[in-house]
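J.:
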Amino acid sequence: MAWLTDPLRYSFMLTGLLAATLVGLTCAVLGVYVVLRRMAFIGDALAHTILPGVVAAYLAGWNLTLGALAAGLLTALGIGWFARRQALREDTAIGILFTGMFALGILLMSTVRSFRDFSHILFGNILGVTAGDLWLMAGVTALVLAALWLFDKELELTSFDPTHAEAIGLRADLIRYGLLGLLALTVVTGIQVVGVVLTSALLITPAAAASLLTNRLPRMMALAAGVAVSAGILGLYVSYYFDVASGASIVLACTAFFGLAWALRTARGGR
Amino acid sequence: MSTVTLPYSRHKHADPVAGEPAVAVAIERAYYPGTSEPALQNIRLRVPVQARVALVGPNGAGKSTLLKAIAGLLPVQAGAIHIYGRPVGDCRHRVAYLPQRSDIDWRFPADVRRLVMTGRYVHLGWLRRPGPADAALVDQVMARLGIAHLAERQIGELSGGQQQRALLARALAQDADLLLLDEPLNAVDIETRAVVAEVLAELRRTGKTVVAATHDLGRLEADFDGALYLSEGYEVAAPPGSFAGLNLGHELPEGARHSH
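Residue numbers (the working numbering), protein chains in the order written: chain A, 1387 to 1657; chain B, 3 to 262.
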């Protein structure tokens, strides 16, 4: 069992494991709604559009997380705004917004001589998580879980029957804005763990795996959280022992769990 | 138990105005957002309290659209709709709307009990959870519609007729006075047809007001007190020899009658 406890002697591994657990939990439960509401593309777009916010904050010498938050919330609002105008299909609007913002981020990055500074943003740096980051992650986790608990019936209803929601005076677009806001916060913390490019995997893959195994919403969330947290821990250990990128290891562990869920479902006779 | 209600709508739930009809429609023009062709034009309709009125016409005539407008789902740009003498939106707690089945994402992981329970949400509002009384009512309406044994089923596992009964159960769970039913008998099995007919009869006995879209002309006289005929978004005269029933108390403006 020494192989299990050995890495825990290092505080960076401990904070890393804690971060993977917090972020995995948040991404997974929120990810269930992302998957059920077919918002996978938005999740990915949100992660990418955060890049210029982070780079701009870096160039200005501000807090990177605040830059990311500002860009994320702005994008969430922008997507909501675009979706209400009906000149463009929503996925088209998101595609334009997301690539434009990402390109702006890369352009800003290229003005800095050492490109390496930003590899952490692109690919994550879970072992560089600070105590402050952990507090932010814990705060986001608490906020997301509280919101999902307090507004569960509204989130559920607007997801499968927005018409009924509107008929009883519950504005589906308001709930959607709220969800996008939570998503932006979550994505910002996800970036620390697996980076801009792979954050959407934390949102989508565990939730999709869970959705193959159950059609009960609370059970789906619990399963997704289990998958994401296990994948986070497994990925970190793999990265420690084989000296490979931690973000990629975590995402691949998620992918492996998804494959397992697929196999289980097939074995049970599902299609 | 806390009884504070935070209603979803910005409007406070208002009580019906005594003596006013359940529904009073005076639409000049109503458009779907982002379209330039009116979806409804020149429609006058008064539905007295406790009456049962059919909206009749072929597909695309505007029946569903008119129901949506009455349910407050479609803004009326020119004209007005009043429910119990109040503007649309003030009496949501007294109105239940039965949508077409295609409006719902049936793959969502909710079971039948949960779907029927959403009928209670208008009374619960923000932050309040369903209580024992809500659960009892939900069980009762599921039994009435013969779907009690399906309570734990995921909604997508139901047949079309069972889905229709689940939606009607939800509408009943709302405990509303005015029911807006969009094609309650569209493409359902014989068992569902019988159960729905029974429910409609019971609604009459208990004095509920019903406005239902239908293209089934055969049973109009048996199931309804009056009918409004629609074609391409316009109100049209009852075809000769067809059921007219109750005078719906509307005067069509000069020249509004469209010849189709």
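Yeah, the Cβ is synthetic: ideal placement off N, Cα and C, and Gly gets one too.
Tell me which residues share the same chain as H1550 of chain A and place their Cβ nearer than 8 Å to its Cβ, disregarding the 5 neighbours each side in the sequence.
T.: One-based indexing of the first sequence puts residue 1550 of chain A at position 164. Answer for H1550 of chain A: L1543, listed in chain order.
J.: Can you find a C-beta in chain B that's less than 8 Å from the C-beta of M1606 of chain A?
T.: Position 220 of the first sequence holds residue 1606 of chain A. By this cut-off, M1606 of chain A is an interface position.
J.: I'd like to know whether the C-beta atoms of F1468 of chain A and F110 of chain B end up nearer to each other than 8 Å.
T.: Within the first sequence, residue 1468 of chain A is the residue found at index 82, counting from 1. Within the second sequence, residue 110 of chain B is the residue found at index 108, counting from 1. In this structure, F110 of chain B does not lie closer than 8 Å to F1468 of chain A by Cβ.
J.: Name the two residues that bound the continuous beta strand (DSSP E) containing H263 of chain B.
T.: Not covered by the structure: residue 263 of chain B. The range shown for chain B is 3 to 262.
J.: Near G257 of chain B, which residues of its chain fall below 7 Å by C-beta distance, leaving aside the five closest residues on each side in sequence?
T.: Within the second sequence, numbered from 1, the residue matching residue 257 of chain B stands at position 255. Bear in mind that a pLDDT of 41 at G257 of chain B, under 50, signals an unreliable position, so the number given afterwards is only what the model happens to contain. Counting only Cβ-Cβ distances below 7 Å, and skipping sequence neighbours, we find nothing.
J.: Check whether the stretch 1609 to 1618 of chain A and the stretch 1432 to 1449 of chain A touch, using three or more Cβ-Cβ pairs below 8 Å as the test.
T.: no
J.: Under the rule that 16 or more other beta-carbon atoms within 10 Å means buried, what is M144 of chain B, buried or exposed?
T.: The residue given as residue 144 of chain B occupies position 142 in the second sequence. Here M144 of chain B is buried: its Cβ has 16 or more other Cβ atoms, across all protein chains shown, within 10 Å.
J.: In this structure, how does DSSP classify A73 of chain B when only helix, strand and coil are distinguished?
T.: One-based indexing of the second sequence puts residue 73 of chain B at position 71. The answer is coil: DSSP assigns A73 of chain B none of H, G, I, E or B.
J.: Three or more beta-carbon pairs under 8 Å between the stretch 111 to 125 of chain B and the stretch 70 to 88 of chain B, yes or no?
T.: no
J.: Could you compute how far the alpha carbon of G1486 of chain A sits from the alpha carbon of R1424 of chain A?
T.: Taking the first sequence and counting its residues from 1, one reaches residue 1486 of chain A at position 100. Taking the first sequence and counting its residues from 1, one reaches residue 1424 of chain A at position 38. Each residue's alpha carbon lies about 22 Å from the other.
J.: Nearest chain A C-beta to S11 of chain B closer than 8 Å, yes or no?
T.: Translated into the one-based positions of the second sequence, residue 11 of chain B becomes position 9. Yes, because at least one Cβ of chain A sits closer than 8 Å to the Cβ of S11 of chain B.
J.: In chain B, which residues lie less than 8 Å from S1545 of chain A when you measure between Cβ atoms?
T.: Mapped onto the first sequence, residue 1545 of chain A falls at position 159. Chain B residues near S1545 of chain A: D107, F110.
J.: I72 of chain B and V25 of chain B: beta carbons closer than 8 Å?
T.: Indexing the second sequence from 1 puts residue 72 of chain B at position 70. Indexing the second sequence from 1 puts residue 25 of chain B at position 23. In this structure, V25 of chain B lies closer than 8 Å to I72 of chain B by Cβ.
J.: Of the residues B:K70, B:L202, B:D191, which one's Cα is nearest the Cα of Q102 of chain B?
T.: Position 100 of the second sequence, counted from the start, is the residue given in the question as residue 102 of chain B. Ranking B:K70, B:L202, B:D191 by Cα distance to Q102 of chain B puts B:K70 first.
J.: Looking at R48 of chain B and S225 of chain B, is the spacing between their C-beta atoms short of 8 Å?
T.: As a first step, residue 225 of chain B is located in the second sequence; it is residue number 223 there, counting from the start. As a first step, residue 48 of chain B is located in the second sequence; it is residue number 46 there, counting from the start. Reading the sequence as shown, one finds Asp at residue 225 of chain B and not Ser. No.
J.: Tell whether a beta-carbon distance below 8 Å holds between T1412 of chain A and T1527 of chain A.
T.: Taking the first residue of the first sequence as position 1, residue 1412 of chain A is located at position 26. Taking the first residue of the first sequence as position 1, residue 1527 of chain A is located at position 141. A Cβ-Cβ contact shorter than 8 Å links T1412 of chain A with T1527 of chain A.
J.: Taking a cut of 8 Å between CB atoms, which residues from the stretch 1573 to 1597 of chain A lie near chain B?
T.: S1597
J.: Is the CB of V1637 of chain A under 8 Å away from at least one CB in chain B?
T.: Counted from its first residue, the first sequence places residue 1637 of chain A at position 251. V1637 of chain A does not count as touching chain B.
J.: In chain order, what residues of the stretch 1600 to 1634 of chain A put their CB closer than 8 Å to some CB of chain B?
T.: T1600, N1601, R1602, L1603, M1606
J.: Check the Cβ of V1553 of chain A against every Cβ in chain B and list those closer than 7 Å, keeping chain order.
T.: Translated into the one-based positions of the first sequence, residue 1553 of chain A becomes position 167. Rather than Val, the amino acid found at residue 1553 of chain A in this sequence is Ala. A73, G74, L75, Y99, listed in chain order.
J.: Which chain A residues are close to Q156 of chain B, counting only those with a beta carbon under 9 Å from its beta carbon?
T.: Walking along the second sequence from the start, residue 156 of chain B turns up at place 154. What Q156 of chain B touches in chain A: N1601, R1602.
J.: Step through the CB atoms of chain A and report whether any lies within less than 8 Å of the CB of L180 of chain B.
T.: As a working mapping, residue 180 of chain B is identified with position 178 in the second sequence. No - not a single Cβ of chain A is within 8 Å of the one on L180 of chain B.
J.: Tell me which residues share the same chain as L254 of chain B and place their Cβ nearer than 8 Å to its Cβ, disregarding the 5 neighbours each side in the sequence.
T.: Translated into the one-based positions of the second sequence, residue 254 of chain B becomes position 252. At L254 of chain B the pLDDT is 43, less than 50, meaning the model places this residue with poor confidence and gives no usable figure here.
J.: Among A:S1632, A:T1575, A:A1426, which one has its Cα closest to the Cα of E1476 of chain A?
T.: As a working mapping, residue 1476 of chain A is identified with position 90 in the first sequence. For E1476 of chain A, the nearest C-alpha among the options comes from A:A1426.
J.: If you count every other CB in all the chains shown that lies within 10 Å of the CB of Y1627 of chain A, and 16 or more means buried, which is it?
T.: Walking along the first sequence from the start, residue 1627 of chain A turns up at place 241. Exposed, since its Cβ has fewer than 16 Cβ neighbours within 10 Å.
J.: Which of the residues in the stretch 1517 to 1540 of chain A, read from start to end, lie with their CB under 7 Å from any CB of chain B?
T.: Correct list: L1536, K1539.
J.: Do you know offhand how far W1389 of chain A's Cα is from L1584 of chain A's?
T.: Position 3 of the first sequence, counting from 1, holds the residue named residue 1389 of chain A. Position 198 of the first sequence, counting from 1, holds the residue named residue 1584 of chain A. Cα-Cα distance, rounded: 28 Å.
J.: Determine whether the Cβ of G91 of chain B lies closer than 8 Å to any Cβ atom of chain A.
T.: Against the second sequence, residue 91 of chain B aligns to sequence position 89. By the rule that beta-carbons nearer than 8 Å mark a contact, G91 of chain B touches chain A.
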